[in-house]
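Going by the numbering used here, the first residue of the sequence shown is number 1, and it counts up by one from there.
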Amino acid sequence: KAIIFLNGFDGLLFFLTGALGVLFVFMWTGTDHSMVKNNFNLIWAWPTNILVAFFLNSKRGWLKKYLILFITGLIIALLSWFFLPQQMNNALLPVVLLLLYRSFRRYQSF
Numbered sequence: 001k002a003i004i005f006l007n008g009f010d011g012l013l014f015f016l017t018g019a020l021g022v023l024f025v026f027m028w029t030g031t032d033h034s035m036v037k038n039n040f041n042l043i044w045a046w047p048t049n050i051l052v053a054f055f056l057n058s059k060r061g062w063l064k065k066y067l068i069l070f071i072t073g074l075i076i077a078l079l080s081w082f083f084l085p086q087q088m089n090n091a092l093l094p095v096v097l098l099l100l101y102r103s104f105r106r107y108q109s110f
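Here it is in structure tokens:
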């Protein structure tokens, strides 16, 4: 039961962060919202996560490479959190840490 829960949780986590990434990219490129221009939240909210969410339970080779790249991006985001030109909301730190942990656990399962 725990594995079924974690599979669903990971899928939801990746889907929601991907949806946020899609929203950020749309607001940046498709509208005239200057507040989301050059939004550094895209470091952790990758729009591609919305698609990856549907393949998390598969053992595809590209998924392992994607997770390595995503984990690297999350580590860079965490290391530069307080030094970025944009002030990042500290309330998002647990979300980013959770993404890092769940991505690492997914990578280990290969």
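C-beta atoms are modelled at their ideal positions from N, C-alpha and C, and glycine is treated no differently.
| message | Going by C-alpha to C-alpha distance, which of Asn49, Thr48, Leu23 and Ile50 sits closest to Lys37? | response | Leu23
| For Asn41 and Gln87, the rounded distance between their alpha carbons | Gln87 and Asn41 have their C-alpha atoms some 10 Å from each other.
| task | Determine the extent of the alpha helix (DSSP H) in which Gly11 is found, giving its start and end residues. | result | Ala2 to Thr29
| Skipping 5 residues on each side, what residues in its chain have a beta carbon closer than 6 Å to that of Trp81? | Met88
| Rounded straight-line distance, which links the Cα of Phe26 to that of His33 | A direct Cα-Cα distance of roughly 10 Å separates His33 from Phe26.
| request: Examine the Cβ distances between the region 60-68 and the region 6-17 and report whether three or more of them are shorter than 8 Å. | output: no
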